[in-house]
Amino acid sequence: MSAELIPIIAFLSGAMVTAILSSLSVSRAVKEQQEILKRGHVAHGRILHIWRPKLRGAFARIYFEFEPTGMDTVRGCHIDRRPAEELRASLPAVGTTVAVRYLPDQPKQAVIARLVSRFTD
Numbered sequence: 001m002s003a004e005l006i007p008i009i010a011f012l013s014g015a016m017v018t019a020i021l022s023s024l025s026v027s028r029a030v031k032e033q034q035e036i037l038k039r040g041h042v043a044h045g046r047i048l049h050i051w052r053p054k055l056r057g058a059f060a061r062i063y064f065e066f067e068p069t070g071m072d073t074v075r076g077c078h079i080d081r082r083p084a085e086e087l088r089a090s091l092p093a094v095g096t097t098v099a100v101r102y103l104p105d106q107p108k109q110a111v112i113a114r115l116v117s118r119f120t121d
C-alpha cells in the first residue's frame with residue numbers, strides 16, 4: 001500500500017465510524033422519545049423559543065416550559081428528530097400551548113407529544 005493512501009484511508013474510515021455512531025445515537029434518542037410518549041404523564045406546556053440550525057442535517061430545538069402535577073415549573077428542550085418531510089410545516093409557533101409528556105419520577109425527561117415520530121425502524 002502506498003504511503004500517500006494511508007491518510008486518505010484513515011480519513012474515510014474515521015468519517016464512516018462517525019456516521020455510524022451518529023446514526024446509532026439518533027436512533028437511540030428517538031426510541032427514548034417514543035418511550036416517554038408511551039409511558040409519560042400529560043401536561044400542558046408553552047413554547048418559549050425555537051432554534052432552527054443553519055447547518056443541513058442538524059436538528060431543530062424547541063424550548064418549552066410546563067408544570068408537572070404537584071411540582072414547580074420545568075423548562076425543557078425538545079430536539080426534533082423527525083424526518084425532514086415531517087418537520088418544517090408542523091413546528092409550533094412561540095407562545096403556542098402544546099401537550100407535553102413527561103416521566104413523573106424525572107420531569108426533565110419530557111417531550112412535546114406531537115413532535116415525536118411515530119415511525120420505528
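Going by the UniProt record's numbering, the sequence shown opens with residue 1, and the numbers climb by one from there.
Here a beta-carbon is modelled for each residue, glycine too, at the ideal position from N, C-alpha and C.
Remember, it's a predicted structure, so these values are computed and weren't measured experimentally.
task = Identify which residue in 40, 18, 45 has its Cα closest to the Cα of residue 104.
result = The residue from 40, 18, 45 with its alpha-carbon nearest to that of residue 104 is 40.
task = Measure the alpha-carbon distance for residue 49 versus residue 42 and round it to whole angstroms.
result = Taken atom to atom, the span from the alpha-carbon of residue 49 to that of residue 42 is near 21 Å.
key: Segments of 3+ residues assigned as beta strand (DSSP E) that fall wholly inside the UniProt domain "DUF3592" (53–114)   = 60–66, 74–80, 97–103, 106–112, all fully within the UniProt domain "DUF3592" (53–114).
task = Ignore the nearest five residues each way along the sequence and tell me which others in residue 121's own chain have a CB closer than 7 Å to its CB.
result = Reliability of the predicted coordinates at residue 121 is poor, the pLDDT of 43 falling under 50, and no value is obtained from them.
N- and C-terminal bounds of the beta strand (DSSP E) containing residue 43 = First-last of the beta strand (DSSP E) with residue 43: 41–51.
CB contact flag (residue 37, residue 81, <8 Å) = In this structure, residue 37 sits away from residue 81, with a CB-CB distance that is not shorter than 8 Å.
request  = Counting only the same chain and skipping the five closest in sequence on each side, list residues whose C-beta sits under 7 Å from that of residue 17.
outcome  = Excluding sequence neighbours, residue 17 sits near nothing in its chain.
key: Through-space distance from residue 77 to residue 116, alpha-carbon basis   = Distance between the alpha carbons of residue 116 and residue 77 is about 13 Å.
key: CA-to-CA distance, residue 6 to residue 61, given in whole angstroms   = Using only the alpha carbons, I get a separation of about 39 Å.
message = Considering only their Cβ atoms, is the gap separating residue 75 from residue 98 smaller than 8 Å?
response = Remark: C-beta atoms of residue 98 and residue 75 do not approach each other more closely than 8 Å.
message = Once the 5 residues before and after residue 71 are set aside, which same chain residues still bring their CB inside 8 Å of it?
response = Only residues of its own chain outside the window of five on either side were considered, and among them 107 have a CB closer than 8 Å to the CB of residue 71, listed in chain order.
inquiry  = Which of the three DSSP states is assigned to residue 120 in this structure?
reply    = Residue placement at residue 120 is poorly supported in this model, since its pLDDT is 46, which falls under 50; the coordinates are not used for a value here.
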